[in-house]
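Since the structure comes first, as structure tokens, the remarks are kept for the end.
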Amino acid sequence: MTEKSGSGKLWGGRFSDDLADLGLQFSESTAADRPMINEDIWGSQAHCIMLAACGIINEADLRTILGGLAQLRQQFADGQFELDPQLEDVHMNIESRLREIIDPEIAGRLHTARSRNDQVVTDARMHLRTRLLELRSVLADLQQTLLDLGAEHLDTVMPGYTHTQHAQPISVAFWLSGHVSALQRDQQRIAQSYERVNRCPLGACALAGTSFPIDRQITARLLGFEGVMEHALDAVGSRDFVAEVLADLAIIASNLSKLAEELVLFSTHEFGMIEIDDAYTTGSSIMPQKKNPGMAELTRAKTGLAYGRLMQALTMIKALPSGYNRDLQEDKPPLWESLDSVQSCVQIMTAMVSTMKLRPDRMAELVAGNYAAATELANFLVRERNLPFRDCHRIVGHIVRTLIDEQRLLTDYSRVRELLAETGQQVSEQQLAEILDAQAILRRQVSQGSTGVEATAAIIEKLRQAIEESRREIAAAHQVLIQAREQTDQIIKHVLKGGGLAEIEL
Ligand code: ARG
């Protein structure tokens with residue numbers, strides 16, 4: 002039998018001419034496939050074990066193929082195997098190398114009852130699992146870093162903003178834990194996506210399944226999947242898992258950009274509430290005094306990449322006919338790029354937050370300097386004088402207006418006392434000091450989820466438990482993957498030592 006036909010490609014039987022160089026360069030996918038080499042080998046190992054278990058190849062051939070794949074895996078680990086663009090993709094590279102290592106007649110049996118269409122999407126899902134667990138882990142690190150810093154500042158007061166205008170005093174713990182709370186939903190989103198990613202398409206073959214009596218449960222189990230993607234046509238033709246993960250990443254990027262923006266803003270001379278460590282700032286080539294928050298700015302900017310890759314993938318999958326289309330090859334570059342980018346943003350934010358310095362004095366100065374306690378004065382009148390809130394709002398609004406005209410602050414208690422007296426409300430200066438003191442304000446916030454010291458401590462405690470829960474989930478999912486790999490390895494070892502499949506449970 003001829004090994005290669007007219008075109009020189011493994012699929013070249015019906016071709017009389019080879020692929021043009023330009024065509025090959027345009028269509029080869031080795032760069033995007035490179036991260037999936039180990040997964041592709043593992044997939045082949047599981048597949049041929051299953052073929053033998055189902056009696057589709059004999060055990061002597063299985064032994065030969067597994068021996069070759071083990072060598073190939075070792076070669077890759079030793080840096081002796083790299084993808085050759087001439088061979089189009091990871092699957093063809095591995096099959097070709099296998100044909101060099103073992104008898105090509107036997108190597109040729111490996112591709113029974115599978116297709117590159119189900120192979121590639123199996124590889125992608127497998128690699129993505131590892132990347133998602135990694136991402137969850139670095140996200141948990143960022144969450145923990147924010148909480149650790151926050152927990153030290155339950156009663157450190159800073160201005161809370163709405164419309165970027167001073168609103169009410171909040172604690173630093175409240176500010177930082179707010180970001181952790183948002184990131185917790187990112188954790189959940191990735192965990193939920195993981196469940197949909199973690200289904201095995203292998204055995205869908207090209208689109209229609211196969212006439213061979215394969216057992217898809219065996220391959221799914223050996224590859225550590227939670228189950229199979231039942232519908233063959235859907236399994237090879239759908240990439241909503243890619244779009245979904247890219248959407249998760251885009252939302253994470255948006256959350257990071259908010260934190261990054263605050264680091265940029267709060268480290269300016271005008272705000273002066275934080276100082277980013279020298280290690281994560283850059284200087285100017287012309288202005289000697291400059292210290293620029295470059296990493297925070299870049300994190301803010303890289304949101305564009307995450308949004309762009311999502312849009313790229315969504316556009317790529319739109320209106321594709323059922324079944325595999327070559328368009329789908331374009332799913333991996335945006336996926337890997339967005340994962341790399343967002344993960345690096347998470348990590349740089351962790352580094353910045355864990356090294357930045359807070360400036361509580363400046364925060365207190367800002368809180369006192371711009372009427373942030375006004376709402377509390379109105380609340381006092383409601384509480385103590387039983388007035389309708391709307392009336393109190395107007396009274397305090399007038400007082401603030403007058404103080405602004407007179408260039409005074411709410412901390413000018415004697416003047417505030419006079420102005421209140423004009424409205425018929427007698428409040429002593431000492432009482433005013435208690436009402437308007439920013440720290441006392443924090444202590445008075447009692448509602449669930451508020452900036453009050455106790456409420457925020459409770460939030461932090463819940464978030465800490467959520468982070469621990471995430472870490473347990475990550476470790477458990479990771480363990481499943483490790484065990485599946487080990488089980489595959491044990492079977493390979495057993496077969497290579499001359500054992501038969503009948504003696505083991507699959
Ligand atoms: N490189 C391809 C991809 O990433 C692999 C599947 C190719 N299938 C095919 N029939 N050409 O989608």
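Following the numbering used here, the residues of the sequence shown are numbered contiguously, the last one being 507. All C-beta atoms in this analysis are idealised placements derived from N, C-alpha and C, irrespective of residue type, glycine included.
- Item | Residues near Ala-209 by beta carbon distance below 8 angstroms, same chain, minus five either side | Ala-233, Leu-234
- Query: Where are the alpha helix (DSSP H) runs, 4 residues long or more, that stay fully inside the segment 185-233, in chain order?
  - Reply: Listed in chain order, the complete alpha helix (DSSP H) runs (minimum 4 residues) inside the segment 185-233 are 217-223.
- Message: Only counting the same chain, and skipping five residues up and downstream in sequence, which positions put a Cβ closer than 6 angstroms to that of Ala-244?
- Response: Ala-314, Leu-315
- Leu-443 versus Thr-457, Met-317, Gln-432, residue with shortest Cα-Cα distance: It is Thr-457.
- Message: For Val-158, list the residues DSSP reports as bridge partners.
- Response: Beta-bridge annotation (DSSP): Val-158 is paired with Ser-172.
- At a cut-off of 8 angstroms, is Ala-33 close to ligand 1 when judged by its beta-carbon and the heavy atoms of the ligand? yes
- Are Phe-213 and Ala-114 touching if we call contact CB-CB under 9 angstroms? yes
- Look at the alpha carbon of His-270 and the alpha carbon of Ala-307, and state the distance between them as a whole number of angstroms. 31 angstroms
- Which residues bound the alpha helix (DSSP H) around Pro-361? 361-369
- Item | The alpha helix (DSSP H) enclosing Asp-392, as first and last residue numbers | Note, Asp-392: alpha helix (DSSP H), 390-406.
- When DSSP labels each residue in this structure, what does Glu-4 get in the three-state scheme? In this prediction, Glu-4 has a pLDDT of 48, which is less than 50 and means its spatial position is unreliable; nothing more can be read from the coordinates.
- Query: So, Arg-64 versus Ile-42, is the Cβ gap smaller than 9 angstroms?
  - Reply: no
- Task: With a 10 Å radius around its C-beta and 16 neighbouring C-beta atoms as the bar for buried, classify Asp-332 as buried or exposed.
- Result: Buried.
- Which stretch, first to last residue, makes up the alpha helix (DSSP H) that contains Lys-333? 333-356
- Query: Near Glu-532, which residues of its chain fall below 8 angstroms by C-beta distance, leaving aside the five closest residues on each side in sequence?
  - Reply: The question about residue 532 has no answer, for the chain in this structure spans 2 to 507.
- Message: Nearest by alpha-carbon distance to Ser-323: which of Ala-236, Asp-34, Ser-182 is it?
- Response: Cα-wise, what sits closest to Ser-323 is Ala-236.
- Can you tell me which of the three DSSP states Asn-293 falls into? strand
- Item | Short Cβ contact (9 angstroms threshold) for Lys-358 with Glu-276 | With a cutoff of 9 angstroms on beta-carbon distance, Lys-358 and Glu-276 are scored as near each other.
- Item | Given Ile-468 as reference, the closest of Leu-155, Asp-216, Ala-192, Asp-124 once Cα atoms are compared | When only C-alpha atoms are compared, the closest one is Ala-192.
- Task: For the alpha helix (DSSP H) containing Leu-133, list its first residue and its last residue.
- Result: 117-152
- Item | Gln-166 - partner residues in DSSP beta bridges | Thr-163
- Item | Cβ shell of Lys-327 (< 8 angstroms), same chain only, five flanking positions each side left out | With the sequence shown as reference, residue 327 is identified as Arg, and Lys is not the correct amino acid for it. Answer for Arg-327: Ser-28, listed in chain order.
- For Arg-110, I'd like the list of residues in its chain whose CB is within less than 6 angstroms of its CB, leaving aside the five on either flank, ordered along the chain. Ile-58, Asp-62
- Flag this pair as yes or no: are the beta carbons of Ala-71 and Leu-507 separated by less than 9 angstroms? no
- In the structure shown, what three-state DSSP assignment does Thr-424 receive? coil
- Taking the Cβ atom as the reference point for each residue, do Met-127 and Gly-44 lie within a distance shorter than 9 angstroms? yes
- Can you check whether the CB of Leu-329 is closer than 9 angstroms to the CB of Val-246? no
- Message: Assuming the contact rule is C-beta atoms closer than 8 angstroms, Leu-84 and Thr-131 should be a hit. Round their C-beta distance to whole Å, please.
- Response: Between Thr-131 and Leu-84 the Cβ distance is about 19 angstroms, and since that is not below 8 angstroms, they are no contact.
- Message: Please determine whether the Cβ atom of Ser-30 lies at a distance below 8 angstroms from any heavy atom of ligand 1.
- Response: yes
- Where Gly-80 and Ile-103 are concerned, what is the direct C-alpha to C-alpha distance, given to the nearest angstrom? 20 angstroms
- Message: Looking at Cys-206: is its Cβ nearer than 9 angstroms to the Cβ of Asn-118?
- Response: yes
- What are the residues that DSSP puts in a beta bridge with Glu-276? Lys-358
- Please name the residue in Leu-382, Ile-66, Ile-400, Leu-250 whose C-alpha comes closest to that of Arg-98. Ile-66
- Query: What is the DSSP secondary structure of Thr-457, reduced to helix, strand or coil?
  - Reply: helix
- Item | Selected residue, minimal CA-CA separation from Ala-254, among Leu-437, Gln-344, Asp-124 | The alpha carbon of Ala-254 has as its nearest neighbour, out of Leu-437, Gln-344, Asp-124, the alpha carbon of Gln-344.
- Query: Excluding five sequence neighbours on each side, which residues of the same chain lie with their C-beta closer than 7 angstroms to the C-beta of Gln-440?
  - Reply: Closer than 7 angstroms at the Cβ level, and outside the excluded window around Gln-440, lie Asp-156, Val-158.
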